[in-house]
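Numbering (UniProt numbering), first residue to last: 1 to 217.
Glycine included, every Cβ here is placed at the ideal spot set by N, Cα and C.
Okay, structure first, notes after.
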Amino acid sequence: MSAAAARKRLVIAVDGPAASGKGTLARRLAAHYGLPYLDTGLLYRMVARAMLDAGHEIRDAEAAALIVNSFDETAFPEERLRGREIGEAASVVAAMPAVRAGLLARQRRFAAQAGGAVLDGRDIGTVICPDAPAKLFVTATPEVRAARRHKELLGRGEAVPFDGILADIRRRDARDSGRNDAPLKAADDAVTLDTSALTVEEAFAAAIGIIEQRRAA
Numbered sequence: 001m002s003a004a005a006a007r008k009r010l011v012i013a014v015d016g017p018a019a020s021g022k023g024t025l026a027r028r029l030a031a032h033y034g035l036p037y038l039d040t041g042l043l044y045r046m047v048a049r050a051m052l053d054a055g056h057e058i059r060d061a062e063a064a065a066l067i068v069n070s071f072d073e074t075a076f077p078e079e080r081l082r083g084r085e086i087g088e089a090a091s092v093v094a095a096m097p098a099v100r101a102g103l104l105a106r107q108r109r110f111a112a113q114a115g116g117a118v119l120d121g122r123d124i125g126t127v128i129c130p131d132a133p134a135k136l137f138v139t140a141t142p143e144v145r146a147a148r149r150h151k152e153l154l155g156r157g158e159a160v161p162f163d164g165i166l167a168d169i170r171r172r173d174a175r176d177s178g179r180n181d182a183p184l185k186a187a188d189d190a191v192t193l194d195t196s197a198l199t200v201e202e203a204f205a206a207a208i209g210i211i212e213q214r215r216a217a
C-alpha cells in the first residue's frame, strides 16, 4: 500500500463494557464514514453458541480451542446470538487465551481492508488495532447500562429482574477487566466518551468531533 493510501485509510476502534452504547455508536460511525463494520463480540458469541450446540460445558477450554479454529461465521443467525444467556457464555469464553488468539487473525484481516473499517469490542484499541488513528472508549455507569439492557430484553419478551441484570453487568465488568489476556481497558491514546447522560444523537455528535480532531492531527 502506498503512503498516500495509508494516510487515507480510517480505522476506528470502539471499545467499552457491555451496554455502554458502543455497538450503536460504532454502527452509526460506519454508516457515516462509509466503512465496513464488525461487532467483534458476535465472534465470541459464535464460539459460545457452537460450544453450547455441541453440548460442551462452557468452561471447557480445550473444546473452545478446537471450535475457535473451525466454526463458520455464516452458520449462526443473529437471533441465536442475542440474549442474556449467550452474552454471559460469551464473556466466559472471551477470557480464554486460546479463544482470543484464535479470533485475532480474523479481526485483523477485517481491519486491514483497503479503506479502513470500524470495529467494536473490548480490546480493539489495545490489541487488535493498536495503530488505529481514532480510538474511543465508550462507557456509562453500571446502573445506566443495566437499565438499557433491561429495556432491550423486555423488548424481546425476556422478563428479567433489573437487579439480576445489574449483577450480570458488574460480574462481566469484573471478568472482562480482570482477565490476564487482553483485559478491558482504555488504550493510552483513546478518548473516553461517557454516554451515561447522553442521547444517541449526542453521543454520535461527540464521537464525530473526537474522530475529526484525530484525523486533523
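Could you have a look at residue i and say whether DSSP puts it in helix, strand or coil?
i, result
"Asp131", "coil"
"Gly195", "For clarity, residue 195 is Thr in the given sequence; the question names Gly instead. If DSSP states are grouped into helix, strand and coil, Thr195 belongs with coil."
"Phe137", "strand"
"Asp15", "strand"
"Asp176", "helix"
"Gly209", "helix"
"Ala3", "For Ala3, the pLDDT reaches just 40, beneath the cut-off of 50, and the residue's location in the model is therefore unreliable, leaving the point undetermined."
"Leu104", "helix"
"Val160", "coil"
"Asp168", "helix"
"Leu121", "Position check: residue 121 holds Gly in this sequence, whereas Leu was assumed. DSSP places Gly121 in strand when its eight states are reduced to three."
"Leu153", "helix"
Please return the same chain residues whose Cβ sits closer than 7 Å to the Cβ of residue i, not counting the five positions on each side in sequence.
i, result
"His56", "Ala63"
"Met46", "Phe71, Glu73, Phe76, Leu81"
"Leu25", "Val14, Val138, Ala203, Phe204, Ala207"
"Val200", "Thr24"
By alpha-carbon positions, which one of the options ends up nearest to residue i?
i, options, result
"Leu66", "Asp173, Gly157, Ala112, Met51", "Met51"
"Ala111", "Arg9, Arg215, Ala216", "Arg9"
"Gly41", "Thr139, Ala31, Arg100, Ala190", "Arg100"
"residue 226", "Arg59, Asp120, Glu202", "Since the first residue of the chain shown is 1 and the last is 217, residue 226 is not available in this structure."
"Tyr44", "Arg122, Ala217, Leu35, Arg214", "Arg122"
"Phe137", "Arg49, Val160, Thr195", "Thr195"
"Arg215", "Ala132, Thr24, Arg175", "Ala132"
"Glu88", "Gln213, Ala190, Arg175", "Arg175"
"Gly115", "Tyr33, Ala203, Phe204, Ile58", "Tyr33"
"Ala186", "Ile124, Gly21, Val200, Pro161", "Ile124"
"Val11", "Val200, Pro130, Ala117, Ala190", "Ala117"
"Ala190", "Glu201, Pro161, Phe162, Pro130", "Pro130"
"residue 255", "Arg49, Phe162, Val160", "The chain is shown only over 1 to 217; residue 255 falls outside these bounds and no answer can be derived."
"Ser91", "Asn69, Gly102, Arg59", "Arg59"
"Gly102", "Asn69, Gln113, Gln213", "Asn69"
Residues in the same chain with beta-carbon distance under 6 Å from residue i, minus the five sequence neighbours each way, listed in chain order, please.
i, result
"Ala61", "Met96"
"Ile211", "Ala134"
"Ala140", "Ser20, Thr195, Ser196"
"Ser2", "Here the model assigns Ser2 a pLDDT of 41, short of 50, so the residue's position is not dependable and the matter cannot be decided."
"Arg28", "Phe204"
Leaving aside the five residues before and after residue i along the sequence, list all residues of the same chain whose C-beta is less than 8 Å from its C-beta, in chain order.
i, result
"Ala206", "Leu193, Leu198"
"Asp173", "Pro17, Ala18, Pro142, Leu184"
"Ile128", "Ala13, Thr40, Leu104, Gln107, Arg108, Ala111, Leu119, Gly121"
"Ala54", "Ala63, Ile67"
"Glu158", "Gly83, Arg84"
"Gly164", "none"
Report yes or no: do three or more beta-carbon pairs, one from the region 165-178 and one from the region 131-146, lie closer than 8 Å? yes
The region 84-92 / the region 148-165 touching (three or more Cβ pairs under 8 Å): yes
List, from N- to C-terminal side, the alpha helix (DSSP H) runs of 4 residues or more that fit wholly inside the region 19-70. 22-33, 40-53, 61-67
Can you give, in chain order, each stretch of the alpha helix (DSSP H) that sits fully within the region 71-95 and has at least 4 residues? 84-94
With contact counted as at least three CB pairs below 8 Å, one residue from each stretch, are the region 90-104 and the region 180-194 in contact? yes
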